[in-house]
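*Asks:* Quick one: the structure is below, and I'll ask about it shortly.
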Ligand code: SAH
Ligand code: SF4
Ligand code: F3S
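Residue numbers (my numbering): 1 to 443.
Below is the structure:
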């Protein structure tokens with residue numbers, strides 16, 4: 001095969017969606033005979049799968065691509081490919097090639113499946129291969145995937161987003177929302193479970209609107225169907241949009257024997273004025289009602305969130321509404337972000353952009369608050385034994401790690417044979433959000 005004895009290295013930025021896309025790119029490379037390299041230095045093909053959700057994600061990718069200039073000068077045969085959300089932006093492929101002329105291949109999110117062709121073109125004809133589609137194509141089902149996240153497996157259920165939150169670039173670089181067929185999703189889940197995967201994570205920018213473009217399909221129904229599959233596995237999903245979270249879904253989750261007791265429900269802000277400017281289509285009261293609904297059916301459900309500070313015109317009062325709702329809900333974890341201006345989005349043109357120093361001070365206060373909630377919440381774990389899916393080894397902590405049904409990460413001493421097994425861990429120490437414990441049993 002054309003890449004026999006060659007090695008590849010993929011660098012991924014951004015979200016789970018991108019990480020899973022990289023598994024598909026790895027599938028293509030493996031199909032052509034290549035094997036994973038230990039690092040960039042001993043790779044023959046380097047792929048940058050980029051993200052553009054915030055300015056720092058783009059800067060990081062550009063910095064890392066730029067750093068390859070020297071290596072490429074020494075090794076003319078090295079192939080450098082750049083893809084992902086960043087390249088899908090208007091005019092970006094051209095500007096990247098101009099800035100980094102040593103890039104060999106560029107493609108976008110809409111033509112991920114063309115990677116093989118572009119690679120062959122570059123190798124056969126020794127020509128640069130740049131191709132980015134303006135419009136999303138049909139969903140392509142035949143690609144090979146080289147999974148790297150055992151015992152977890154990601155499964156796409158929908159692509160793209162129709163929500164157009166005013167700050168967000170995703171709808172522009174991932175296209176309109178398209179649902180995969182229920183049959184294809186179930187067939188993939190079934191084969192993953194048969195292959196020994198223990199955790200399935202269903203992926204979509206807004207999983208709650210799954211099936212709106214299909215007949216008689218919904219996310220609640222999909223949860224029921226996946227939960228009916230035989231096997232000992234856990235079911236997770238992300239991300240949810242509060243406006244589309246229905247009672248039917250919450251009921252389906254509460255009845256499911258597979259669904260984990262955790263949900264990621266991005267709130268973004270606690271002020272109605274800011275939520276409206278963001279085009280989120282819910283109020284703080286609507287959000288609190290959804291929390292109540294979740295806790296009515298699944299009282300101990302862990303709720304995590306995404307929060308942004310420094311959206312245009314955000315006042316100290318708006319920000320205190322965010323702090324207040326964070327206290328009220330008691331999130332089990334929060335990803336916090338400083339608003340970053342994205343070119344082509346409505347918020348880019350809004351008056352009242354917030355100075356970086358103000359946003360920084362707000363995010364620090366928010367992080368402090370959430371950390372103290374995490375610390376307090378962790379205390380209830382002390383002395384308890386929890387069921388953990390052992391996911392792998394942490395080089396830094398020199399311990400094995402895994403999560404409980406609530407998504408809480410625990411570290412403990414174990415051995416390689418336990419990766420992919422459900423184990424009981426007695427929690428002996430709690431830090432901020434992570435737990436330390438001792439292995440007391442294997443299921
Ligand atoms: N579709 C998902 C995830 C989108 S990106 C969802 O709607 O929840 C993940 C998070 O990045 C968002 O929830 C938001 O908090 C943050 N984000 C998106 N655009 C951003 C921007 N321009 N600046 C800062 N944070 C942003
Ligand atoms: Fe972006 Fe909003 Fe879509 Fe999430 S729901 S991807 S934040 S536009
Ligand atoms: Fe994900 Fe970043 Fe694209 S968050 S969808 S990789 S812009």
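Quick reminder that beta carbons are idealized off the backbone N, C-alpha and C, glycines included.
Nothing here was measured: the structure is a model prediction, and the numbers come from that model.
Any residue with its Cβ nearer than 6 Å to a heavy atom of the ligand SF4 should be included. What is that list in chain order?
*Replies:* Those residues, listed in chain order, are 161, 163, 164, 165, 168, 170, 171, 205, 206, 241.
*Asks:* For residue 419, report the span of its alpha helix (DSSP H) as first-last.
*Replies:* Here residue 419 is taken as the residue at index 419 of the chain shown, counted from 1. Element bounds for residue 419: n/a, residue is neither H nor E.
*Asks:* Would you tell me roughly how many angstroms separate the C-alpha atoms of residue 212 and residue 218, rounded to the nearest one?
*Replies:* Along the chain shown, one-based indexing puts residue 212 at 212. Along the chain shown, one-based indexing puts residue 218 at 218. Between residue 212 and residue 218, the C-alpha separation is close to 7 Å.
*Asks:* Measure the Cβ-Cβ separation of residue 268 and residue 173 and say whether it is below 7 Å.
*Replies:* Against the chain shown, residue 268 aligns to sequence position 268. Against the chain shown, residue 173 aligns to sequence position 173. Going by C-beta atoms, residue 268 is not nearer than 7 Å to residue 173.
*Asks:* With H, G and I counted as helix, E and B as strand and the rest as coil, what does DSSP make of residue 248?
*Replies:* What you label residue 248 is simply residue 248 of the chain shown in a count that begins at 1. Residue 248: helix per DSSP, three-state reduction.
*Asks:* Can you pull the DSSP bridge partners for residue 385?
*Replies:* Here residue 385 is taken as the residue at index 385 of the chain shown, counted from 1. Looking at the DSSP assignment, residue 385 forms a beta bridge with 426.
*Asks:* Compute the Euclidean distance between the alpha carbons of residue 372 and residue 94, then round it to the nearest angstrom.
*Replies:* Locating residue 372 in the chain shown gives position 372, where the first residue counts as 1. Locating residue 94 in the chain shown gives position 94, where the first residue counts as 1. Computed Cα separation, rounded: 46 Å.
*Asks:* Quick one: grab the DSSP three-state call for residue 348.
*Replies:* One-based indexing of the chain shown puts residue 348 at position 348. Of the three classes helix, strand and coil, the one that applies to residue 348 here is helix, per DSSP.
*Asks:* Tell me the start and end of each unbroken alpha helix (DSSP H) in the region 271-319 that is at least 4 residues and wholly inside, in chain order.
*Replies:* With a minimum length of 4 residues, the continuous alpha helix (DSSP H) runs that stay inside the region 271-319 are 272-277, 284-297.
*Asks:* Does the structure place the region 215-230 close enough to the region 17-37 that three or more beta carbon pairs sit under 8 Å?
*Replies:* Touching, no, given that fewer than three Cβ pairs across the two stretches are closer than 8 Å.
*Asks:* So does residue 53 have its beta carbon nearer than 6 Å to some heavy atom of the ligand F3S?
*Replies:* Here residue 53 refers to the residue found at position 53 of the chain shown. Result yes, Cβ under 6 Å from the ligand F3S.
*Asks:* Could you tell me whether the Cβ atoms of residue 420 and residue 198 are closer together than 7 Å?
*Replies:* Stepping through the chain shown from its first residue, residue 420 is reached at position 420. Stepping through the chain shown from its first residue, residue 198 is reached at position 198. Against a cut-off of 7 Å, the Cβ pair of residue 198 and residue 420 comes out as a contact.
*Asks:* Report the partner residues of residue 36 according to the DSSP bridge assignment.
*Replies:* As a position in the chain shown, residue 36 is number 36, starting the count at 1. Answer is 8.
*Asks:* Do residue 29 and residue 8 come within 7 Å of each other at the CB atom, strictly closer than that value?
*Replies:* Stepping through the chain shown from its first residue, residue 8 is reached at position 8. Stepping through the chain shown from its first residue, residue 29 is reached at position 29. It is a contact, given that the beta carbons lie within the stated cut-off.
*Asks:* What does the alpha-carbon distance come out to for the pair residue 136 and residue 111?
*Replies:* On the chain shown, residue 136 is found 136 positions in, with the first residue counted as 1. On the chain shown, residue 111 is found 111 positions in, with the first residue counted as 1. The alpha-carbon atoms of residue 136 and residue 111 are separated by roughly 8 Å.
*Asks:* Confirm, please, whether the CB-CB distance from residue 367 to residue 322 is below 7 Å.
*Replies:* As a first step, residue 322 must be located in the chain shown, where it is residue number 322. As a first step, residue 367 must be located in the chain shown, where it is residue number 367. No, they are not a contact pair.
*Asks:* Output the boundary residues of the beta strand (DSSP E) element that contains residue 176.
*Replies:* Locating residue 176 in the chain shown gives position 176, where the first residue counts as 1. Segment: none, residue 176 is in no beta strand (DSSP E) and carries neither H nor E.
*Asks:* Residue 450 and residue 48: beta carbons closer than 7 Å?
*Replies:* Residue 450 falls outside the range modelled here, since the chain spans only 1 to 443, and no answer is possible.
*Asks:* Take every Cβ of the region 192-208, pair it with every Cβ of the region 229-241, and state whether three or more of those distances are shorter than 8 Å.
*Replies:* These segments touch.
*Asks:* Could you spell out where the beta strand (DSSP E) holding residue 200 opens and where it closes?
*Replies:* By 1-based counting over the chain shown, the position of residue 200 is 200. Residues 199-203.
*Asks:* On the CB-based measure, 16 or more other CB atoms within 10 Å of its CB, does residue 331 come out buried or exposed?
*Replies:* Within the chain shown, the letter at position 331 stands for residue 331. Buried, since its Cβ has 16 or more Cβ neighbours within 10 Å.
*Asks:* Measure the C-alpha to C-alpha separation of residue 424 and residue 294 and round it to an integer number of angstroms.
*Replies:* If you number the chain shown from 1, residue 424 lands on position 424. If you number the chain shown from 1, residue 294 lands on position 294. Using only the alpha carbons, I get a separation of about 27 Å.
*Asks:* Would you tell me roughly how many angstroms separate the C-alpha atoms of residue 63 and residue 99, rounded to the nearest one?
*Replies:* Taking the first residue of the chain shown as 1, we reach residue 63 at position 63. Taking the first residue of the chain shown as 1, we reach residue 99 at position 99. Rounded to the nearest angstrom, the two C-alpha atoms are 11 Å apart.
*Asks:* Take residue 188 as the anchor and find which of 355, 157, 165, 418 has the nearest alpha-carbon.
*Replies:* Sequence index remark: in the chain shown, residue 188 carries index 188 (1-based). Ranking the options by Cα distance to residue 188, first place goes to 157.
*Asks:* Once DSSP output is grouped into helix, strand and coil, what is the label at residue 264?
*Replies:* Along the chain shown, one-based indexing puts residue 264 at 264. In the structure shown, residue 264 sits in a strand (DSSP, three-state: E or B).
*Asks:* Quick check on residue 235: does DSSP put it in helix, strand or coil?
*Replies:* Here residue 235 is taken as the residue at index 235 of the chain shown, counted from 1. In the structure shown, residue 235 sits in a strand (DSSP, three-state: E or B).
*Asks:* Tell me the rounded alpha-carbon separation between residue 444 and residue 317.
*Replies:* Absent from the structure is residue 444, since the part of the chain shown begins at 1 and ends at 443.
*Asks:* For residue 181, which of helix, strand or coil comes out of DSSP?
*Replies:* Within the chain shown, numbered from 1, the residue matching residue 181 stands at position 181. In this structure, residue 181 counts as coil in the three-state DSSP scheme.
*Asks:* If you scan the region 89-152 from start to end, which runs of the beta strand (DSSP E) of 3 or more residues do you find wholly inside it?
*Replies:* You should have 105-107, 129-131.
*Asks:* Would you list the one or two residues that DSSP bridges to residue 412?
*Replies:* In the chain shown, the residue the question calls residue 412 occupies position 412. Note: residue 412 sits in a beta bridge opposite 400.
*Asks:* Opposite residue 394 in the DSSP bridges: which residues?
*Replies:* Residue 394 sits at position 394 when you count from the first residue of the chain shown. Beta-bridge pairing links residue 394 to 399.
*Asks:* So the candidates are 53, 396, 273, 263; which of them puts its Cα closest to the Cα of residue 170?
*Replies:* Numbered from 1 along the chain shown, position 170 holds the residue referred to as residue 170. When each option's Cα is compared against that of residue 170, the closest is 53.
*Asks:* Mind checking residue 271: buried by the 16 CB within 10 Å criterion, or exposed?
*Replies:* Within the chain shown, numbered from 1, the residue matching residue 271 stands at position 271. Buried, by the Cβ-count rule.
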